[in-house]
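Participant: Dumping the structure here so I can ask a few things about it.
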Amino acid sequence: MHGGGYTVGSVDEFENGLRLVAEASGAITIGVEYRLAPEHHFPTQLDEYSAVVDWAQGPDGAARGISSDLVFGGGDSAGGNMTEALALRRRDQGKKNIAGQLLLYPESRIPFDTPAAEENNTGLYLECNGIFSFADHYLPKAPEKTYPPSFKYVSPGMQSVEYLKHQPPVALFTCGFDPLRDVGVEYGSKLQQAGVDMHWHHYPDLTHGFLQMAPWSHEALKATEDVSKELKRMAYGS
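In this note's numbering, each number is its position in the sequence shown, counted from 1, plus 19.
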(Lines of atoms letter the chains of each structure in order from A and count residues from 1; the text may use other names and numbers.)
(Lines give C-alpha, C1' and ligand atoms only; values in the text may rest on other atoms or scores of the structure.)
Protein backbone atom coordinates (compact mmCIF):
# COMPACT_ATOMS: atom_id res chain seq x y z
CA MET A 1 0.00 0.00 0.00
CA HIS A 2 1.54 3.25 -1.11
CA GLY A 3 1.97 6.20 1.20
CA GLY A 4 0.72 9.73 0.72
CA GLY A 5 -1.18 10.47 3.91
CA TYR A 6 -4.31 8.68 2.64
CA THR A 7 -4.97 11.69 0.40
CA VAL A 8 -2.36 11.73 -2.38
CA GLY A 9 -0.10 9.37 -4.28
CA SER A 10 -0.60 6.53 -6.72
CA VAL A 11 0.91 3.20 -7.69
CA ASP A 12 2.69 4.96 -10.57
CA GLU A 13 4.58 7.21 -8.14
CA PHE A 14 5.83 4.20 -6.18
CA GLU A 15 6.38 1.87 -9.13
CA ASN A 16 10.17 2.06 -9.04
CA GLY A 17 10.35 0.94 -5.42
CA LEU A 18 7.81 -1.82 -5.99
CA ARG A 19 9.75 -3.07 -9.01
CA LEU A 20 13.00 -3.10 -7.04
CA VAL A 21 11.38 -5.19 -4.31
CA ALA A 22 9.81 -7.55 -6.85
CA GLU A 23 13.03 -8.07 -8.80
CA ALA A 24 15.25 -8.53 -5.74
CA SER A 25 12.86 -10.86 -3.90
CA GLY A 26 11.41 -12.78 -6.84
CA ALA A 27 7.95 -12.15 -5.43
CA ILE A 28 4.82 -11.16 -7.31
CA THR A 29 4.24 -7.60 -6.13
CA ILE A 30 0.79 -6.02 -6.28
CA GLY A 31 0.26 -2.28 -5.95
CA VAL A 32 -3.19 -1.36 -4.66
CA GLU A 33 -4.67 1.73 -6.33
CA TYR A 34 -7.02 2.54 -3.47
CA ARG A 35 -9.44 5.45 -3.42
CA LEU A 36 -8.17 8.53 -1.64
CA ALA A 37 -9.45 10.80 1.12
CA PRO A 38 -11.11 13.22 1.61
CA GLU A 39 -13.49 12.09 -1.13
CA HIS A 40 -13.38 8.60 0.35
CA HIS A 41 -12.99 8.31 4.11
CA PHE A 42 -11.83 5.51 6.41
CA PRO A 43 -12.51 2.56 6.26
CA THR A 44 -12.82 2.63 2.44
CA GLN A 45 -9.09 2.18 1.91
CA LEU A 46 -8.87 -0.66 4.43
CA ASP A 47 -11.85 -2.42 2.84
CA GLU A 48 -10.19 -2.24 -0.58
CA TYR A 49 -6.88 -3.51 0.81
CA SER A 50 -8.63 -6.47 2.41
CA ALA A 51 -10.50 -7.22 -0.83
CA VAL A 52 -7.18 -7.42 -2.69
CA VAL A 53 -5.84 -9.85 -0.07
CA ASP A 54 -8.99 -11.98 -0.45
CA TRP A 55 -8.44 -11.99 -4.22
CA ALA A 56 -4.76 -12.94 -3.90
CA GLN A 57 -5.54 -15.73 -1.43
CA GLY A 58 -8.33 -17.11 -3.64
CA PRO A 59 -8.55 -18.97 -6.96
CA ASP A 60 -7.70 -15.89 -9.02
CA GLY A 61 -4.43 -15.55 -7.15
CA ALA A 62 -3.70 -19.26 -7.44
CA ALA A 63 -4.22 -19.05 -11.21
CA ARG A 64 -1.41 -16.49 -11.27
CA GLY A 65 0.99 -18.57 -9.21
CA ILE A 66 0.26 -16.98 -5.83
CA SER A 67 0.29 -19.28 -2.79
CA SER A 68 -2.54 -18.45 -0.41
CA ASP A 69 -0.17 -19.08 2.51
CA LEU A 70 2.40 -16.60 1.21
CA VAL A 71 0.35 -13.45 0.73
CA PHE A 72 2.13 -10.66 2.59
CA GLY A 73 1.03 -7.11 3.28
CA GLY A 74 3.28 -4.10 3.17
CA GLY A 75 3.21 -0.35 2.96
CA ASP A 76 5.07 2.84 3.61
CA SER A 77 3.90 5.68 5.86
CA ALA A 78 0.09 5.70 5.61
CA GLY A 79 0.37 2.38 3.79
CA GLY A 80 2.27 1.02 6.79
CA ASN A 81 -0.55 2.20 9.06
CA MET A 82 -3.09 0.43 6.86
CA THR A 83 -1.01 -2.76 6.86
CA GLU A 84 -0.94 -2.72 10.66
CA ALA A 85 -4.70 -2.15 10.71
CA LEU A 86 -5.32 -4.84 8.11
CA ALA A 87 -3.51 -7.50 10.13
CA LEU A 88 -5.43 -6.56 13.27
CA ARG A 89 -8.81 -6.40 11.58
CA ARG A 90 -8.43 -9.69 9.69
CA ARG A 91 -7.37 -11.33 12.95
CA ASP A 92 -10.40 -9.88 14.73
CA GLN A 93 -12.70 -10.98 11.91
CA GLY A 94 -11.38 -14.53 11.99
CA LYS A 95 -10.28 -14.28 8.35
CA LYS A 96 -7.17 -15.89 6.89
CA ASN A 97 -4.52 -13.34 7.72
CA ILE A 98 -1.59 -12.06 5.73
CA ALA A 99 1.59 -14.09 6.13
CA GLY A 100 3.63 -11.14 7.34
CA GLN A 101 3.87 -7.36 7.51
CA LEU A 102 6.44 -5.08 5.88
CA LEU A 103 6.13 -1.74 7.69
CA LEU A 104 8.15 1.10 6.17
CA TYR A 105 8.28 4.19 8.41
CA PRO A 106 4.63 3.60 9.40
CA GLU A 107 2.25 6.14 10.86
CA SER A 108 1.39 3.84 13.75
CA ARG A 109 -0.30 6.73 15.50
CA ILE A 110 -0.40 10.50 15.18
CA PRO A 111 2.90 11.78 16.67
CA PHE A 112 1.46 14.39 19.02
CA ASP A 113 4.12 14.19 21.68
CA THR A 114 7.38 12.67 20.44
CA PRO A 115 10.93 14.04 20.21
CA ALA A 116 11.05 13.01 16.54
CA ALA A 117 8.01 15.16 15.78
CA GLU A 118 9.66 18.16 17.43
CA GLU A 119 13.07 17.56 15.83
CA ASN A 120 11.61 17.06 12.35
CA ASN A 121 8.70 19.47 12.55
CA THR A 122 9.55 21.50 9.44
CA GLY A 123 11.93 21.61 6.52
CA LEU A 124 11.97 17.93 5.55
CA TYR A 125 10.12 15.70 3.11
CA LEU A 126 7.36 15.14 5.69
CA GLU A 127 6.28 17.78 8.21
CA CYS A 128 4.08 17.40 11.27
CA ASN A 129 1.43 19.84 10.10
CA GLY A 130 0.97 17.65 7.06
CA ILE A 131 0.47 14.56 9.20
CA PHE A 132 -2.29 16.22 11.23
CA SER A 133 -3.96 17.46 8.06
CA PHE A 134 -3.82 14.01 6.46
CA ALA A 135 -5.44 12.41 9.50
CA ASP A 136 -8.17 15.05 9.53
CA HIS A 137 -9.00 14.30 5.89
CA TYR A 138 -8.87 10.52 6.43
CA LEU A 139 -11.40 10.31 9.24
CA PRO A 140 -15.09 10.71 8.37
CA LYS A 141 -17.24 13.44 9.84
CA ALA A 142 -20.94 13.57 10.69
CA PRO A 143 -23.38 12.60 9.30
CA GLU A 144 -21.10 9.66 8.43
CA LYS A 145 -20.17 7.22 11.17
CA THR A 146 -17.26 8.83 12.99
CA TYR A 147 -14.16 7.32 14.62
CA PRO A 148 -11.79 8.90 17.15
CA PRO A 149 -8.08 9.12 16.24
CA SER A 150 -7.49 6.47 18.91
CA PHE A 151 -9.71 3.88 17.17
CA LYS A 152 -7.94 0.52 16.94
CA TYR A 153 -7.83 0.39 13.13
CA VAL A 154 -6.84 4.05 12.85
CA SER A 155 -4.03 4.14 15.43
CA PRO A 156 -2.70 0.63 16.08
CA GLY A 157 0.16 2.21 18.02
CA MET A 158 -2.25 3.50 20.67
CA GLN A 159 -3.55 0.03 21.51
CA SER A 160 -2.56 -2.12 24.47
CA VAL A 161 0.18 -4.73 24.31
CA GLU A 162 -2.45 -7.38 25.07
CA TYR A 163 -4.52 -6.35 22.05
CA LEU A 164 -1.47 -6.49 19.77
CA LYS A 165 -0.78 -10.18 20.46
CA HIS A 166 -1.27 -12.98 17.92
CA GLN A 167 -0.25 -11.12 14.79
CA PRO A 168 1.67 -12.15 11.67
CA PRO A 169 5.44 -11.54 11.72
CA VAL A 170 6.68 -8.00 11.18
CA ALA A 171 9.66 -6.39 9.48
CA LEU A 172 9.84 -2.77 10.61
CA PHE A 173 11.89 -0.02 8.94
CA THR A 174 12.40 3.41 10.53
CA CYS A 175 14.43 6.51 9.60
CA GLY A 176 16.30 9.07 11.67
CA PHE A 177 15.02 12.17 9.89
CA ASP A 178 11.33 11.43 10.14
CA PRO A 179 8.59 12.86 12.38
CA LEU A 180 7.14 9.33 12.45
CA ARG A 181 10.39 7.76 13.70
CA ASP A 182 9.41 7.46 17.35
CA VAL A 183 5.88 6.17 16.80
CA GLY A 184 7.33 3.42 14.61
CA VAL A 185 9.92 2.51 17.23
CA GLU A 186 7.24 2.64 19.92
CA TYR A 187 5.02 0.27 17.93
CA GLY A 188 7.91 -2.12 17.37
CA SER A 189 8.58 -2.19 21.12
CA LYS A 190 4.93 -2.98 21.82
CA LEU A 191 5.01 -5.79 19.26
CA GLN A 192 8.06 -7.30 20.94
CA GLN A 193 6.33 -7.11 24.32
CA ALA A 194 3.30 -8.78 22.73
CA GLY A 195 5.45 -11.69 21.56
CA VAL A 196 5.12 -10.90 17.85
CA ASP A 197 8.03 -12.03 15.66
CA MET A 198 9.53 -8.64 14.81
CA HIS A 199 12.73 -7.64 12.98
CA TRP A 200 13.65 -3.94 13.15
CA HIS A 201 15.89 -1.99 10.77
CA HIS A 202 16.80 1.62 11.55
CA TYR A 203 18.54 4.05 9.19
CA PRO A 204 19.70 7.08 11.21
CA ASP A 205 20.81 9.08 8.16
CA LEU A 206 17.74 8.52 5.97
CA THR A 207 14.58 10.58 5.75
CA HIS A 208 10.97 9.55 5.46
CA GLY A 209 10.15 8.19 2.01
CA PHE A 210 13.29 6.23 1.12
CA LEU A 211 11.32 3.79 -1.05
CA GLN A 212 10.84 6.57 -3.61
CA MET A 213 14.44 7.79 -3.39
CA ALA A 214 16.34 4.63 -4.35
CA PRO A 215 17.21 5.83 -7.89
CA TRP A 216 19.12 8.83 -6.46
CA SER A 217 20.50 7.59 -3.13
CA HIS A 218 22.78 4.63 -2.44
CA GLU A 219 21.58 4.49 1.17
CA ALA A 220 17.93 4.53 0.09
CA LEU A 221 18.66 1.77 -2.42
CA LYS A 222 20.33 -0.32 0.28
CA ALA A 223 17.33 0.16 2.58
CA THR A 224 14.98 -0.90 -0.22
CA GLU A 225 17.14 -3.97 -0.82
CA ASP A 226 16.80 -4.74 2.90
CA VAL A 227 13.02 -4.74 2.46
CA SER A 228 13.42 -7.38 -0.26
CA LYS A 229 15.71 -9.46 1.97
CA GLU A 230 13.19 -9.36 4.80
CA LEU A 231 10.41 -10.47 2.46
CA LYS A 232 12.53 -13.42 1.30
CA ARG A 233 13.44 -14.28 4.89
CA MET A 234 9.82 -14.30 6.04
CA ALA A 235 8.61 -16.23 3.00
CA TYR A 236 11.40 -18.73 2.52
CA GLY A 237 13.62 -18.54 5.58
CA SER A 238 16.54 -17.20 3.57
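Heads up, the beta-carbon is just placed ideally off N, CA and C, and yes, glycines get one too.
Look at the alpha carbon of F33 and the alpha carbon of V40, and state the distance between them as a whole number of angstroms.
Facilitator: If you take the alpha carbons of F33 and V40, they lie about 11 Å apart.
Participant: Identify the residues that DSSP records as bridge partners of L107: which are they?
Facilitator: Paired residue(s): none; L107 is not in a bridge.
Participant: Counting pairs of Cβ atoms below 8 Å between the segment 99-117 and the segment 64-80, do you hit three or more?
Facilitator: The segment 99-117 vs the segment 64-80: in contact.
Participant: On a CA-only basis, which of A154, L240, A136 is nearest C147? Give me that one, please.
Facilitator: Nearest of A154, L240, A136 to C147, Cα basis: A136.
Participant: Taking only runs of the alpha helix (DSSP H) that begin and end inside the segment 199-255, which ones reach a length of at least 4 residues, in chain order?
Facilitator: Taking only runs of at least 4 residues, the alpha helix (DSSP H) segments lying wholly in the segment 199-255 are 200-212, 229-232, 237-255.
Participant: Near Y157, which residues of its chain fall below 6 Å by C-beta distance, leaving aside the five closest residues on each side in sequence?
Facilitator: Answer for Y157: Y25, A56, F61, listed in chain order.
Participant: Can you give me the start and stop residues for the beta strand (DSSP E) that L121 sits inside?
Facilitator: Taken as a continuous stretch (DSSP letters only), the beta strand (DSSP E) holding L121 covers 120-123.
Participant: Assuming contact is defined by CB atoms lying nearer than 9 Å, are T133 and D201 in contact in what I supplied?
Facilitator: It is a contact, given that the beta carbons lie within the stated cut-off.
Participant: Take N100 as the anchor and find which of E126, I150, E244 has the nearest alpha-carbon.
Facilitator: Nearest of E126, I150, E244 to N100, Cα basis: E126.
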